[in-house]
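Participant: In the order they appear, the protein sequences are chains A and B.
86 is the number of the first residue of the first sequence in our numbering; add one for each residue after it.
-10 is the number of the first residue of the second sequence in our numbering; add one for each residue after it.
Let me begin by handing over the structure; questions about it come next.
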Amino acid sequence: MAQTVIIPTPLRRFTGGVETVEVQGSTVGEIFGQLESQFPGIRARLCEENGELRRFINVYVDGEDIRFLDRLETSVGERAEVSIVPAIAGG
Amino acid sequence: MSYVKGLKCRECGAPYPVEPLAICEECFGPLEVDYDYEAIGRVLTREAIASRPRTLWRYRELLPLEGEPTVGQHTGCTPLVRAERLGSRLGVRELYIKNDAVSHPTLSFKDRVVAVALSKAREFGFEAVGCASTGNLANSVAANAAAAGFTAYVLIPEDLEKAKVVGTQIFGANLIPVRGTYDDVNRLCSEIAGRYRWAFVNVNLRPFYGEGSKTFGYEIAEQLGWRAPDAVVVPMAGGSLITKIHKAFGELARLGLIPEAGTRFYGAQATGCNPIAAAVKAGTREIRPVKPQTIAKSLAIGNPADGYFATGVIAGSGGWSEDVTDAEIVESIQLLAETEGIFAETAGGTTLAVARKLIAQGRLDPEGRIVVAITGNGLKTQEALALAPPASIEPKLAAFEAHIGQRAALATA
Chain A
86 MAQTVIIPTP LRRFTGGVET VEVQGSTVGE IFGQLESQFP GIRARLCEEN
136 GELRRFINVY VDGEDIRFLD RLETSVGERA EVSIVPAIAG G
Chain B
-10 MSYVKGLKCR ECGAPYPVEP LAICEECFGP LEVDYDYEAI GRVLTREAIA
40 SRPRTLWRYR ELLPLEGEPT VGQHTGCTPL VRAERLGSRL GVRELYIKND
90 AVSHPTLSFK DRVVAVALSK AREFGFEAVG CASTGNLANS VAANAAAAGF
140 TAYVLIPEDL EKAKVVGTQI FGANLIPVRG TYDDVNRLCS EIAGRYRWAF
190 VNVNLRPFYG EGSKTFGYEI AEQLGWRAPD AVVVPMAGGS LITKIHKAFG
240 ELARLGLIPE AGTRFYGAQA TGCNPIAAAV KAGTREIRPV KPQTIAKSLA
290 IGNPADGYFA TGVIAGSGGW SEDVTDAEIV ESIQLLAETE GIFAETAGGT
340 TLAVARKLIA QGRLDPEGRI VVAITGNGLK TQEALALAPP ASIEPKLAAF
390 EAHIGQRAAL ATA
């Protein structure tokens, strides 16, 4: 079973302009690894050199912010939707 | 003419052209407008500013437009009120209220950011505009879009105050309540903005939008006789406004229009949504998101995008941050109303309540010149108040006197 990852505009140059990508992985970290193998260079945009998620990126699994879950260890169910969303100003 | 050199990543410094872009492709940091301050310094004087109409466009060299403003031409220059009665209640020698509760046209400081963002949207050639909003931005985008002839798409959390919903619908905007928090609305808007070519003022126009908030700071300095206050207390939702007031005072000092500032910045949040205040109190700049639960809905942003920068401004200036309960918010709305005749929304109650708490803690010096930022109008958040309906009387003098006598007796009891 594959999960869907929604790619934000600033990262679409890595995916050839594609908005959503199908990957397989049981955690967010594994999914990032899958993304990296399909689109080399993309993980360095998502994570710091120490592997932590970058400060201005939010990642959601089925709408839930992974900072409320287990961060990159957050498990991702079958058919889950993973959104990568840049931080947005208040309003 | 424009004094904008381009956009620049606030985190890694990477340069970008002036386009509807908000996020650095290298590090996801926010982009900001990069100005040619030397050129501005050659033309912008106190006299030039003072000679211009009383709108926020009197500081236009410091705003990111190429040509003339086309939206929000009448916005800005709200009163800075010397609050003597409130000041004496709080023991503050020189207290001011910067009152954007009377902002034109929609009674909140968001009119400032929208004037700049929609003028920029027109320069970029957009026909449709949008926003994610906790209410005030929704009102302002809808009103200004109507006046300028844009199609507007406004997304809000579904539990907003009635006045903020009606005050968006009336302008004919496409208003879409979303089942979730503001942070859920933001996530959706980011995905929408990636698919449609619309100007989302706080998504792809964010670098330009945020600059409008600086005018809140320019006005304070000009109204104080071209000097910054010793302290300013500012409500924090996404955390942008406090950083933009800081930037405003810094720019004016850099241009020689005010003496070197040294203002201390104090940030106000509700205890039910205090990710920035919690970080300041924990001595860190890193924000831990929260799930908001407060009557201060305009401040209910659990994952504040500018929180990291807000904590930096507060700590770097020698200021502090606090949060207050819903009951304290309501009590301060009433105190401001009863002492100064200003009816602030819940965010204003939050800001005043935090100012009082900081004075009591000894963190905010009452001998200094203090400005409290009131950013929205209490008529929009009436649900937060539980005032008993006033008793009515027969249209007879005797009934009136009985009523007054009764009240007088109660008051002296």
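Every residue gets a Cβ at the ideal spot worked out from N, C-alpha and C, and that includes glycine.
Would you mind giving the Cβ-Cβ distance between I363(B) and K87(B), rounded to the nearest angstrom? I have them listed as a contact below 8 Å.
Facilitator: 6 Å between Cβ atoms; contact.
Participant: Along the segment 139 to 154 of chain A, what residues have a CB closer than 9 Å to any CB found in chain B?
Facilitator: Result list: R139, R140, F141, I142, N143, Y145, G148, D150, R152 and F153.
Participant: Which stretch, first to last residue, makes up the beta strand (DSSP E) that contains T140(B)?
Facilitator: T140 to P146 is the extent of the beta strand (DSSP E) around T140(B).
Participant: Roughly how many angstroms separate the alpha carbons of E134(A) and P264(B), rounded to a whole number?
Facilitator: Approximately 26 Å between the Cα atoms of the pair.
Participant: Using 10 angstroms around the beta-carbon of L288(B), count the other beta-carbons present and answer buried if the total reaches 16, otherwise exposed.
Facilitator: Under this definition L288(B) is a buried residue.
Participant: Give a yes or no on whether 7 Å exceeds the smallest Cβ distance from V192(B) to chain A.
Facilitator: It does; some Cβ of chain A falls within 7 Å.
Participant: Buried or exposed: where does A210(B) fall if 16 or more other Cβ atoms within 10 Å of its Cβ makes it buried?
Facilitator: A210(B) should be labelled buried.
Participant: Between A129(A) and chain B, is there a C-beta pair that is closer than 7 Å?
Facilitator: Chain B, which has no Cβ nearer than 7 Å to the Cβ of A129(A), makes this no.
Participant: The segment 100 to 119 of chain A: which residues have C-beta closer than 9 Å to a C-beta of chain B, in chain order?
Facilitator: Those residues of the segment 100 to 119 of chain A that come within reach of chain B (Cβ to Cβ, closer than 9 Å) are E104.
Participant: Any beta-carbon of chain B closer than 7 Å to the one on P171(A)?
Facilitator: Closer than 7 Å to some Cβ of chain B, the Cβ of P171(A) qualifies, so yes.
Participant: Among all the DSSP beta bridges, which residues are the ones paired with F254(B)?
Facilitator: According to DSSP, F254(B) bridges with V221(B).
Participant: Quick check on G227(B) - is its C-beta less than 7 Å from some C-beta in chain A?
Facilitator: It does; some Cβ of chain A falls within 7 Å.
Participant: Candidates E200(B), V302(B) and K286(B): which alpha carbon is nearest L(-4)(B)'s?
Facilitator: For the residues E200(B), V302(B) and K286(B), the minimum Cα distance to L(-4)(B) belongs to E200(B).
Participant: With respect to the alpha helix (DSSP H) encompassing Y48(B), which residues constitute its N-terminal and C-terminal limits?
Facilitator: First-last for Y48(B): undefined, no H or E at that position.
Participant: Confirm, please, whether the CB-CB distance from L126(B) to K99(B) is below 7 Å.
Facilitator: Going by C-beta atoms, K99(B) is nearer than 7 Å to L126(B).
Participant: Counting only the same chain and skipping the five closest in sequence on each side, list residues whose C-beta sits under 6 Å from that of I284(B).
Facilitator: Excluding residues within five positions, the ones whose Cβ falls inside 6 Å are D315, T335 and A373.
Participant: Could you tell me which of P196(B), I393(B), E116(B) and C262(B) sits nearest to Y185(B), measuring between CA atoms?
Facilitator: Nearest of P196(B), I393(B), E116(B) and C262(B) to Y185(B), Cα basis: E116(B).
Participant: State the DSSP-derived secondary structure class of P264(B), mapped to helix, strand or coil.
Facilitator: Here P264(B) sits in helix by DSSP.
Participant: According to DSSP, is R195(B) helix, strand or coil?
Facilitator: It is helical.
Participant: Relative to the C-alpha of C120(B), which residue among T95(B), A182(B) and V221(B) is closest?
Facilitator: For the residues T95(B), A182(B) and V221(B), the minimum Cα distance to C120(B) belongs to A182(B).
Participant: So which of F17(B), V361(B), G308(B) and K385(B) has the shortest CA-CA distance to A72(B)?
Facilitator: When only C-alpha atoms are compared, the closest one is V361(B).
Participant: For H235(B), collect the residues of the same chain with a Cβ closer than 8 Å to its Cβ; drop the 5 residues on either side in sequence, then sort them by chain order.
Facilitator: Cβ within range, chain order: G206, T252, F254, V302 and S306.
Participant: Using alpha carbons as the reference points, say which of D354(B), L386(B), V7(B) and A375(B) lies closest to N193(B).
Facilitator: The candidate whose alpha carbon is nearest that of N193(B) is V7(B).
Participant: So with CB distances below 7 Å, who are the chain A contacts of I12(B)?
Facilitator: Chain A residues near I12(B): P95 and P171.
Participant: Check each candidate in Q323(B), G296(B) and E320(B) and name the one with the smallest Cα separation from S310(B).
Facilitator: The residue with the shortest Cα to Cα distance from S310(B) is G296(B).
Participant: Quick check: what's the CA-CA separation for V143(B) versus A304(B)?
Facilitator: Straight-line Cα distance between these residues: approximately 35 Å.
Participant: How about P94(B) and A132(B): do their beta carbons lie closer than 7 Å?
Facilitator: A contact, by the Cβ cut-off of 7 Å.
Participant: Taking the continuous beta strand (DSSP E) assigned at Q62(B), which residues delimit it?
Facilitator: Taken as a continuous stretch (DSSP letters only), Q62(B) belongs to no beta strand (DSSP E), as it is neither H nor E.
Participant: Less than 8 Å between the CB atoms is what I'm expecting for G228(B) and A299(B), so what's the real figure, rounded?
Facilitator: The pair is a contact, with the Cβ atoms about 3 Å apart (cut-off 8 Å).
Participant: With a 10 Å radius around its C-beta and 16 neighbouring C-beta atoms as the bar for buried, classify T232(B) as buried or exposed.
Facilitator: Label assigned to T232(B): buried.
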